[in-house]
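Trainee: With the working numbering applied, the sequence shown corresponds to residues 44 to 156, in that order.
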Amino acid sequence: MRLFATGVAWLGALVLATTAMAADADLGKKLWAQKCAMCHGADGKGDAKMAERLKAKIPGLGTSAGKTDSELLKAIADGKRPMPAFGKSLKSEELEAVLQHAKGLAKRLAAGK
Ligand code: HEC
Numbered sequence: 044m045r046l047f048a049t050g051v052a053w054l055g056a057l058v059l060a061t062t063a064m065a066a067d068a069d070l071g072k073k074l075w076a077q078k079c080a081m082c083h084g085a086d087g088k089g090d091a092k093m094a095e096r097l098k099a100k101i102p103g104l105g106t107s108a109g110k111t112d113s114e115l116l117k118a119i120a121d122g123k124r125p126m127p128a129f130g131k132s133l134k135s136e137e138l139e140a141v142l143q144h145a146k147g148l149a150k151r152l153a154a155g156k
């Protein structure tokens, strides 16, 4: 009986952990679409119309593929003109989720896909 209870607890923890990870990926994707895609494009290649409107270059995220998490997180949290700072409007788990999404796009672009 004791063994059974432990088993159930483990299973519960496992399910919780898996859902939390899935939620992060979903959260990152959702935030990207809401807050980032208007400039960076859904695929991270950069939105040409927005670049024109901002009179700025929006480099494809592939150029950021070699940077560390903390460098990219700093850019997202503190902003990089004309990119706004998101450090105040997003919670730390939201920043982390959207960073992971941006990194995924950056890696894909750098690999030429
Ligand atoms: C108003 C347009 C705009 C929005 C909105 C925006 N960005 Fe940017 N972002 C830029 C521009 C422009 C750059 C290039 C800045 C530079 O390096 O000169 C950039 C650069 C970046 C970089 C590369 C930083 C580096 O040092 O390599 C990352 C990562 C990034 N943005 C992520 C995000 C994320 C995540 C969001 C949404 C939470 C976001 N951006 C929203 C315009 C924007």
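We put the CB at the ideal spot given by N, CA and C, even for glycine. Please read all numbers here as calculations on a predicted model, not as lab measurements.
1) Applying the criterion that 16 or more other CB atoms from any shown protein chain within 10 Å of the CB defines a buried residue, is Val58 buried or exposed?
2) Among the residues of its own chain, which have a CB less than 7 Å from the CB of Glu137, if the five just before and after it don't count?
3) Does the Cβ of Leu115 lie closer than 7 Å to at least one heavy atom of the ligand HEC?
4) May I have the straight-line CA-CA distance separating Lys88 from Lys110, to the nearest angstrom?
5) Return yes when the C-beta of Lys98 is under 7 Å from any heavy atom of the ligand HEC, and no when it is not.
Mentor: Looking at the atomic coordinates:
1) Locating residue 58 in the sequence shown gives position 15, where the first residue counts as 1. Residue environment analysis places Val58 among the exposed positions, since fewer than 16 neighbouring C-beta atoms fall within 10 angstroms of its C-beta.
2) Position 94 of the sequence shown, counting from 1, holds the residue named residue 137. The residues are Leu70 and Leu74.
3) Here the question's residue 115 lines up with position 72 in the sequence shown. Yes.
4) If you number the sequence shown from 1, residue 88 lands on position 45. If you number the sequence shown from 1, residue 110 lands on position 67. Those two C-alpha atoms are separated by around 17 Å.
5) Working through the sequence shown from its first residue, we reach residue 98 at position 55. No, the ligand HEC has no heavy atom inside 7 Å of this Cβ.
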